[in-house]
Each structure stands twice: as structure tokens, then as C-alpha cells.
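**Student:** Just so we're aligned: 550 in numbering that gives the first Met the number 0 is position 551 of the sequence shown, and the numbers increase by one with no gaps anywhere.
Idealized CB from N, CA, C, for every residue including glycine.
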Amino acid sequence: MSLFSGWRAAFRIARRDAARAKARSTLVVAMIALPVLGVTAADLTYRSALPTVAEDLTADLGAADALFIDQGMGPVRLEQMPDGIMWGTPEDAPETLPEDERKPVDVPATFPKGSRYLTEQSVPASVTTRHGIADTEITELSVADPLLRGRVELTEGAYPQARNEIAATEAFLKASGLSVGDRVTVRGPQQVYTLTGAVELPAELKTESLFAVPGAVIAPWQKTADRDKEILPPQAGDLKWLVQGPPGAGVTWPDVLAANEKGVVVRARQVALNPPPDSEVPMAAHMRSWESGDAEMTAAALTVAAMAVLEIVLLAGPAFAVGARRSRRQLGLVGSCGGTRSQVRAVVLAGGAVLGGVGAVAGVGAGFGLTALFRPVIEEFTGRRFGELTVRPWEILAIAALGLVTGILAALAPAIVAGRQSVLESLTGRRGSRRSSRVLPLVGSLVLAGGVALAVYGGVSGSIRLVAGGSVLAELGLLGCIPVIVGFLGRLGRRLPLTPRIALRDAARNRGRTAPAVAAVMAAVAGSVAIATYTSSSAAEQAYDHQPDLTAGTAAVMAFDTSQKANLPRARAAVEQNYPVTGGRADVGRVWAGSDCSVYYEEEDGCGTIELVKPTGEGHSCPLSGKGAKELALRISADEHKRLMNSPACVDERWTSVSLGNDDSKVVIGDAGLLTSYVKLDDPAAAKALAAGTPVLLNSAYAKNGEVTLKAVHTYNDRDKKNRALHPGKARTTTDRLKVYVAPDRYASTPGIRMILPQRTAAELGLHTEDHASIYTLSREPDDAERQAADAAIEQAGNRAYVMTASTAEQSEDEVILLILALFAGVVTLGAAAITTGLSKADAEADLTTLSAVGAPPGVRRSLSGFQCLVVALTGVLLGTAAGIVPAVALRLTDLRAAVAEMRADPMESAYTPIVMPWPTIALLALAVPVLAGLLAAGLTSSRLKLARRAG
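(1) Please report the residue range of the beta strand (DSSP E) in which W240 lies.
(2) Could you give the distance in angstroms between the alpha-carbon of V183 and the alpha-carbon of V151?
(3) Smallest Cα separation from T733: which of L873, V739, K710, R723?
(4) Do you know whose CA, among H640, I31, T168, K205, lies nearest L194's CA?
(5) Quick check on DSSP: helix, strand or coil for T532?
(6) What first and last residue would you give for the alpha helix (DSSP H) that runs through K720?
(7) Consult DSSP for E617 and reduce its assignment to one of helix, strand or coil.
(8) Given 8 Å as the limit, is there contact between the stretch 266 to 285 and the stretch 140 to 157, that is, 3 or more CB pairs closer than that?
(9) Kindly confirm or deny that the stretch 647 to 664 and the stretch 735 to 748 touch, where touching means at least three C-beta pairs closer than 8 Å.
(10) Touch check for the stretch 196 to 216 and the stretch 134 to 147: three-plus C-beta pairs under 8 Å?
(11) Which residues in the same chain as P781 place their Cβ atom closer than 8 Å to its Cβ, once the five residues preceding and following it in sequence are excluded?
(12) Quick check: does the Cβ of T920 come within less than 7 Å of any heavy atom belonging to the ligand MN?
(13) Just list the alpha helix (DSSP H) runs in the stretch 729 to 766, keeping only unbroken ones of 4 residues or longer that don't cross its boundaries, in chain order.
(14) Please decide whether V899 counts as near chain D, where near means a Cβ-Cβ distance under 8 Å.
(15) Helix, strand or coil for L939, going by three-state DSSP, please let me know.
(16) Ignore the nearest five residues each way along the sequence and tell me which others in A685's own chain have a CB closer than 7 Å to its CB.
(17) For the beta strand (DSSP E) containing N583, list its first residue and its last residue.
(18) Kindly identify the DSSP beta-bridge partner or partners of E952.
(19) Just how far apart, CA to CA, sit I921 and A887?
(20) What do you reckon, are the CB atoms on V466 and V587 nearer than 8 Å?
(21) So, helix, strand or coil for I463, using DSSP?
(22) Give every residue of the same chain whose Cβ lies closer than 7 Å to the Cβ of V353, excluding the five residues on either side of it in the sequence, and list them in chain order.
(23) Please give the ranges of any alpha helix (DSSP H) in the stretch 3 to 59, keeping only runs that are unbroken, at least 4 residues long and fully inside the region.
(24) Enumerate in chain order the residues of its own chain whose CB-to-CB distance from A671 is below 6 Å, with the five nearest sequence positions on each side excluded.
(25) In angstroms, rounded to a whole number, what distance separates the CA positions of V255 and V75?
(26) Return the first residue and the last residue of the beta strand (DSSP E) that H545 is part of.
(27) Could you check which residue in S806, V438, F866 has the C-alpha nearest to that of A551?
(28) Cβ of G249 within 8 Å of Cβ of A32?
(29) Could you give the C-beta distance for A585 and G669, rounded to a whole number, given that I count them as a contact under 8 Å?
(30) Roughly how many angstroms lie between the CA atoms of T297 and A20, to the nearest whole one?
(31) Relative to the alpha-carbon of I165, which residue among V198, D134, T405 has its alpha-carbon at the smallest distance?
(32) With distances taken Cα to Cα, identify the nearest neighbour of S748 among K738, E794, K665.
(33) Need the endpoints of the alpha helix (DSSP H) that V876 sits in, please.
(34) Which runs of the beta strand (DSSP E) fall wholly inside the stretch 621 to 677 and span at least 3 residues, in chain order?
(35) I think G236 touches S121, with their Cβ atoms under 8 Å apart; what is that distance to the nearest whole Å?
(36) Apply the 10 Å Cβ neighbour rule to V524 and answer buried if 16 or more other Cβ atoms are within range, or exposed otherwise.
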């Protein structure tokens with residue numbers, strides 16, 4: 000028999016066997032197709048969402064040939080790269096003139112002859128909305144012109160044509176509550192426009208902005224401001240020109256160089272798409288090259304592909320093993336008819352190739368379908384429309400080949416085992432017995448210990464490669480130990496009820512089926528736990544480094560014009576009526592000495608100051624700043640550094656918040672309400688002290704023997720005629736020692752306040768005070784509608800106040816990432832457990848028949864399936880959690896090393912590098928997923944037993 004004929008027969012047998020065992024074949028095809036589907040969808044999404052050079056040009060230029068920009072340098076020679084993004088002045092250029100001495104540039108004179116152009120200019124503005132008012136940007140641009148197609152697209156209504164018409168992006172309409180046909184008023188000049196249409200920017204779907212025709216907003220606004228000095232003039236941006244070059248010529252590189260000579264930078268389509276050689280680009284001679292990250296990306300892609308192949312092989316391998324075992328009589332007949340061992344192996348391998356090929360084709364097809372189906376959702380999430388569905392044929396073929404190869408690899412081990420069986424064992428159905436390897440667990444233990452040590456050493460030494468290598472070795476070592484761990488499980492069931500005892504013993508007896516599934520779960524969970532641990536740790540570090548401007552959960556309404564104090568009550572009413580306020584308000588007052596610096600700030604030393612004098616010595620001076628700080632930083636650990644940074648002496652040395660409108664002294668006028676609502680100090684002794692006229696000090700570093708030193712310089716400005724008449728002569732300086740109530744150290748970091756001074760005490764010290772702000776406690780963060788409504792009410796009250804809410808740490812997508820990782824690991828866990836349960840059920844049908852014959856109740860089948868699924872899922876999750884912690888901890892050690900190095904260079908830099916376990920994710924994986932897997936397996940298993948005879 001020729002080689003071709005032998006493999007043809009093998010494929011025919013494999014195809015017929017796959018058709019007979021439809022359930023098992025569908026299972027294997029699904030296992031191979033799902034990763035292929037995911038990789039195909041990811042490839043299509045990545046390639047389509049990643050803008051090409053042409054798509055970036057369309058986002059900037061629309062259908063125009065070029066964008067001409069006056070860089071404000073005057074008519075001087077500039078240099079630029081062909082992309083029109085990087086530019087600069089030549090090395091031999093003369094010194095740039097001051098801005099007021101620069102001559103204007105005649106930009107249209109630099110256009111190629113026969114060109115047509117549009118102008119573009121933007122201005123920030125405050126406009127009315129359905130809810131109130133909102134800040135946005137208005138761009139004067141003829142969006143109806145065909146030159147803008149591809150950059151601005153109409154989605155509803157019509158483009159603005161007249162000077163009293165305007166268009167809005169869909170994101171602006173959603174935030175403002177407006178719709179086409181409504182009117183919008185630009186606050187200040189009070190210009191009214193009609194919303195004629197909704198548009199979208201395909202490259203910036205989340206942008207909230209307005210579009211008007213040129214001359215409709217900026218010029219009338221400027222004329223109104225010229226007539227009425229109470230109206231602020233428009234702060235318009237630079238003028239830009241979108242140019243369509245001569246027909247058939249466009250804008251060429253010589254045109255760009257000519258414009259550069261006049262001080263104009265050009266982003267030209269045909270130049271960016273077909274750049275000239277470096278010899279024709281003056282700026283290229285002194286541009287340094289940038290190293291590409293392609294090597295790192297390739298390595299990451301190969302690692303992900305290898306892990307995907309490992310997952311599929313671990314999951315699909317037992318299915319092929321069970322299939323080969325159930326087909327052992329057929330394989331024995333092949334041997335009895337003269338078939339060689341290689342031909343027996345070929346039959347099993349052909350089964351892997353057939354199912355792998357079907358899974359690859361199905362996965363690629365489903366990947367295309369799902370990407371097309373969810374394309375609008377993906378575009379909304381990324382904030383950018385796909386230019387087109389970009390398909391790289393060779394990448395798709397490689398993904399399909401990966402599925403095919405995976406199927407063959409999954410069948411490789413079962414094929415080798417099938418080829419080694421004797422014909423007699425195959426025909427009689429005897430499995431034979433084989434002792435487990437004693438070498439593999441020993442090697443696995445050594446590799447596990449070495450991998451952990453290598454990863455930790457890599458983290459301490461700062462080598463990411465050693466961390467990665469050690470983590471992979473540790474996981475491979477743990478894989479080698481899984482058969483022994485599974486075998487140990489059988490001993491745990493001695494005192495358990497019947498079904499869990501059988502489940503544990505079945506898992507231990509059939510390690511070839513159980514161990515790969517446990518390993519697959521472990522690998523998936525390990526990756527998810529590693530990323531989740533690192534992500535949650537980084538999020539905790541960012542939250543620690545964040546410096547809030549107000550106490551969390553509060554809002555402050557503050558007056559910024561002292562001459563209009565009467566408007567503050569109306570501003571308070573605006574907040575109380577529109578914000579989600581809980582409880583009452585706490586008023587805050589400003590305090591100053593001499594003339595008020597918020598009014599008389601123009602002259603040097605033209606106003607008074609107050610200062611809390613900080614004592615020196617231990618407990619008062621921050622050891623991390625000043626002399627000896629670097630020497631101390633070399634001796635202390637990151638934890639000790641954190642303790643010092645959070646001490647009252649150092650807490651506001653590096654950064655201090657004056658968000659409540661006071662000066663650097665952070666002394667405010669307040670009462671007990673401020674303590675409970677803002678400081679969160681619910682202490683009757685502190686409230687009693689304020690009522691008695693005793694200040695409350697929040698930072699104990701400023702107190703010595705229960706007293707603080709308040710230094711005031713009473714300087715009165717000559718323009719402050721009323722107070723100057725009462726205080727003639729030179730400025731005087733007073734120093735007062737005040738008994739204070741000292742709050743616990745944890746209140747030293749309260750944003751914006753260092754000491755609360757009672758009103759009557761300030762008057763006794765000869766200081767001036769003013770009602771300045773009010774603090775409110777919020778039940779939640781206000782939404783766009785509530786903010787816009789409050790801003791509109793404050794505007795009606797005279798616009799002499801503003802509202803500020805507590806800033807939060809930069810919100811990332813960490814929670815979404817953690818959820819996706821948990822779902823991914825959960826799906827793999829459920830799949831692996833279900834596969835193993837199905838295989839064990841098919842493989843142990845004879846044992847179940849025996850159980851029924853000896854009187855076991857029908858529910859045993861159902862509970863046994865549930866416990867078999869639970870054993871695989873729980874074991875894999877627990878091992879995966881332990882394996883995933885290793886790389887996460889090692890990587891955080893790398894970050895700690897870098898943070899400590901920065902801290903020792905600058906002792907005021909934070910070295911806090913926490914390791915935070917993602918307990919919700921771990922709990923979901925370790926508790927919810929295994930229990931769910933067991934319940935699903937039990938629920939989907941029939942308790943009825945088909946009539947069968949005990950085989951063998």
C-alpha cells in the first residue's frame with residue numbers, strides 16, 4: 000500500500016468515526032473552533048480599528064488634499080517631516096522674535112495656483128441646554144462642503160447653511176438633552192442658533208461639539224464684546240485652511256517646501272501617502288531614529304498563541320484519548336488485518352486532522368460573522384468608525400492552520416498510546432495496567448521550585464525576562480505535579496458519602512483524563528489571576544498617589560467675586576435644588592490680615608498675610624525634605640518611607656491643596672458642622688472647643704505643647720482707602736500663641752484645611768473674615784443634567800460663584816478588565832469541567848451500569864456527574880490561583896525596585912508599591928464557578944439508565 004493510499008484510508012476511517020460519534024466530535028470541534036473564533040475576531044477587530052495612514056488623513060482632511068497651518072512664528076523658514084505632524088525651525092535659523100513683533104503670514108498666498116480652500120476656526124463657549132448650561136467647543140467650518148466628507152457626516156436633519164443655524168455632534172445632543180429643531184444660545188453675546196442637524200465625526204464619536212458656518216459665531220461675538228465691555232471677547236483658536244489643489248495635481252512636496260519657507264506647515268495627503276526620499280527632506284538629516292516595538296509585539300503574540308494551543312491540546316487531548324479507547328476494537332481489527340502500528344497511529348492522527356480542519360473552518364467563519372454582527376458595538380466602544388473591515392489573508396490562513404495543527408497535536412499522544420497497544424488487548428477490550436511515572440512529579444517539583452526562585456530573583460533584580468521565564472517554568476513544573484495531586488485526591492474520599500467518594504476515586508484512577516482538564520483550568524485561571532492581581536495592585540497604587548482637592552462625597556459652592564457676596568445664597572439654593580444633597584450645609588469663611596490679597600494683588604507687598612508657624616525638631620520637621628533627606632532615604636524601606644510620608648510633619652510638604660479658596664496657611668473660618676460634614680471628625684470635644692472659641696488644628700505637626708503660633712502681617716494698600724484710613728502708618732506684624740484642640744494624626748491630610756478658626760477668635764485677633772463657601776455632602780456623583788441645571792441657576796444668580804465636586808482618581812477600565820478576566824477563566828473552567836464530566840460519563844458507562852445493578856438509586860448518576868465536575872473545576876481553580884500569584888508578585892517586586900530607586904533619588908517621591916489580591920475575582924472563580932459547574936452537570940445529567948449488559 001502506498002503512503003498516499005494509506006493516509007487516504009486513514010482519513011476515510013477517521014471521517015466515518017467522527018460521523019458516528021457526533022456528540023464527541025461536536026465537542027472537539029467546538030473546543031478547537033472557539034479559540035480560532037476568538038483569535039479571528041480579535042485579528043479582524045484590531046486590523047479594522049487600527050487606523051491606516053489614509054484613514055488618519057481622512058480624519059484630519061476629509062476629502063481635501065492638504066491642511067495648511069500658520070504656526071504663529073511669522074514669515075520665517077520652517078522644516079517639517081512628510082507626515083506634517085513633526086516640524087521645527089532649522090538649526091541655523093535666527094532667534095525667534097517676541098510674539099508682539101512677529102509679522103503676519105499670508106497663508107493663502109502659499110497655496111498652489113488654482114486651489115480651492117475652506118477656513119476652519121474653533122472657539123470655546125458656554126451654551127444653553129435642555130438641562131441648563133454646558134461648556135463646549137464651536138467650530139466655524141462649512142461642513143456641508145464636499146471637502147468635509149469622511150471627516151464630518153450628517154446623521155439627521157440638514158447641514159447649517161445660514162448664520163443663525165448650527166449642527167451638533169450626536170454625543171453633544173445626548174449629553175445636553177437637545178434634539179434637531181431646538182434652539183441653542185451662546186452665553187455672553189447671547190447669540191441664538193437653531194439646531195438644523197446632527198453630525199458625527201467618524202474618527203471621534205465621543206466628541207461633544209458644535210459646527211457653524213464661517214463668520215456665524217466669532218465675528219458677531221467680537222462685535223458684541225467691543226460694544227459691551229462686560230462681555231468677554233471670544234478666545235478663538237488658530238485659523239486653519241483645508242485646501243483642494245489644482246485638478247490632477249493636488250498638493251506636492253515642492254508645494255509643501257514652498258509653504259515652509261513662509262512659516263506654514265502643511266499636512267498633505269499625497270505627500271504622507273507617498274513620502275519623498277530622506278535626501279529631499281531637510282528635517283530628516285537631524286531626526287533620530289526610533290526603535291520599533293515589533294519584536295516585543297511579536298514575542299507577545301507568539302506567547303499568546305502558544306498558550307492558546309496548550310489550552311486546546313489539554314482540553315481536546317482527553318477527548319481523542321477516550322475516542323481512541325472506544326474505537327480500540329476497530330483499531331484492533333486494523334492491526335489484525337495486517338495494519339502496522341504507524342497505520343494505527345495514522346487513523347487517530349487523521350481524526351485529529353479532520354476535526355481540527357472542521358473546527359478551524361467553523362471558527363474562522365464564525366469569527367467573520369460575529370465581527371460583522373458586533374461591529375457597531377465595537378465602534379461605539381472604541382469611539383471610532385472602522386474605515387473598512389480589514390482582512391489580512393495570510394493572517395487568517397495562519398489562524399486556520401493553527402486550529403488544524405492544534406487538532407493534530409491534541410491527537411498525537413492518544414495516537415502514540417493506541418499504536419503501542421497489542422492487537423489482543425484491543426480486540427478483547429482489556430486496558431491493561433500501567434504504573435504512574437515517579438520521575439515526572441520529581442522533575443515537576445524541581446522545576447516548580449526553580450521557576451518560583453527565578454521569578455522572584457527577576458523581580459528583585461528588575462528583569463522582566465527572568466520574571467516571565469520563571470513564571471512559565473513554575474507553571475510547567477506545576478503541570479508535571481498534577482497527576483500526583485490528582486492521585487492524592489482519591490485518598491481524601493475515604494470518609495465521604497458515596498458519590499463524592501466515587502468521583503474522587505474515578506478522578507484519581509483515570510488521571511490521563513482528569514489531569515489534562517485540571518491543567519487546562521489551571522492555565523486559564525493562572526493567567527487571569529496574574530493579570531487581575533497586577534491590575535488591582537496598580538489601581539491601589541494609583542488611588543494612594545491621588546491627591547483629592549475635596550473630601551470624597553462632598554461638593555463646595557464658592558464665591559469668586561468678593562464684591563458680589565449677595566449672590567452666594569442664590570448659588571447655594573442652586574446646588575440644594577439640583578444636586579443630590581444629603582443633610583444640611585456647612586459654611587466656610589475666608590480669613591486674612593491687612594488688605595485682602597484677592598483684591599489688592601497687583602502691587603508687591605500690597606496686601607497682608609497670615610501664617611501658621613511650623614515648629615522645628617522631631618515630630619515637626621519632615622525628615623524627607625532638607626538636609627540629610629537623601630542619606631535617610633538610602634537607609635529606609637518602602638514601608639518606612641510610606642509611614643513617614645503619611646506623618647503630619649510630611650503630609651503636605653510635597654503638595655498642598657488650597658481648593659477652598661484660602662491661601663497656603665489653609666486657615667478657614669468654620670463651626671462644628673464643618674467638622675462632621677467635611678472633616679468627618681465626629682468628636683464632641685472638638686465641637687465644644689469651637690463653640691468656646693478654641694481653634695481646631697488638624698495637623699499636629701504645627702502644635703507644640705497644645706499651642707500654635709499664628710503670625711499675621713497687617714499690610715494695608717493705599718488703594719484700600721477705607722481700611723487704610725483706620726490703620727495709618729507702616730505695616731505691623733503680630734505673633735499670637737493660641738491654645739488649640741489637636742485632632743488625631745489621620746486628619747492631617749484633610750484637603751484644603753489645616754486649622755479651623757472660630758469667627759469670634761478671628762475678630763479678637765484683628766483679622767478680617769468673609770463668608771466664602773458652603774460644603775454639602777452628596778449621596779452620589781451628580782450627572783450631566785444636574786450639573787447643567789445647577790450651572791444655569793448660578794448663571795441666573797449673576798455668575799459670581801462656582802461649584803466643585805471632589806476629584807476622583809483617574810478612572811481606568813480596571814473593573815471591566817477584571818470582570819472580563821473572571822468571565823474568561825470561568826468559561827474555560829466550566830468548559831473543561833463539562834468536557835471531563837462528559838468524557839468520564841462516556842468512559843464509565845459500564846461502572847454506572849454495575850452501580851445500578853447492585854441497587855444504587857437513579858439519582859446517583861446525577862449527583863456523581865455533579866461531583867466529578869466539581870472536583871475538576873475546584874482543583875484547577877485552586878492550583879491556578881497559586882500559579883497566578885507567582886508572576887504577579889514578581890512583577891510588583893520589579894515595580895517596587897524602580898519605585899525605591901526613584902524615592903532614593905528624590906525622597907519626596909512615593910515608593911508605595913502594594914500587592915493587592917483581587918478577592919472578588921478569586922472568590923468568583925474558587926467558589927461560584929466550581930459550584931455552578933457542579934450544579935449544571937448534575938442538572939443536565941439524566942437519572943434514567945438505559946438497559947445495557949455489563950461488557951467485557
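**Tutor:** Let's see:
(1) 239 to 243
(2) 20 Å
(3) Measuring from the Cα of T733, the nearest candidate turns out to be K710.
(4) T168
(5) Three-state DSSP puts T532 in a helix.
(6) 720 to 725
(7) coil
(8) no
(9) yes
(10) yes
(11) So the list reads A554, N577, Y578, P579, A789, T804, once near-sequence residues are dropped.
(12) The ligand MN is not part of this structure, which contains no ligands at all.
(13) 758 to 763
(14) This model lacks chain D altogether; it includes just one protein chain.
(15) It is helical.
(16) L674, V695, Y740, A742
(17) It is worth fixing the name first, because residue 583 is Gly in this sequence and not Asn. Taken as a continuous stretch (DSSP letters only), the beta strand (DSSP E) holding G583 covers 580 to 591.
(18) Since the first residue of the chain shown is 0 and the last is 951, residue 952 is not available in this structure.
(19) 14 Å
(20) no
(21) Three-state result, I463: helix.
(22) F10, A13, R14, A17
(23) 21 to 48
(24) Taken in chain order, the residues that qualify are A686, L689.
(25) Between V255 and V75, the C-alpha separation is close to 14 Å.
(26) Premise fails: H545 is in no beta strand (DSSP E) and is neither H nor E.
(27) Per the Cα distances, S806.
(28) no
(29) Beta-carbon to beta-carbon, A585 and G669 are separated by about 7 Å, close enough to satisfy the 8 Å threshold.
(30) For T297, the predicted structure reports a pLDDT of 48, less than 50, and the residue's modelled location is therefore unreliable. The matter cannot be settled from this model.
(31) V198
(32) K665
(33) 858 to 904
(34) 666 to 668
(35) 5 Å
(36) buried
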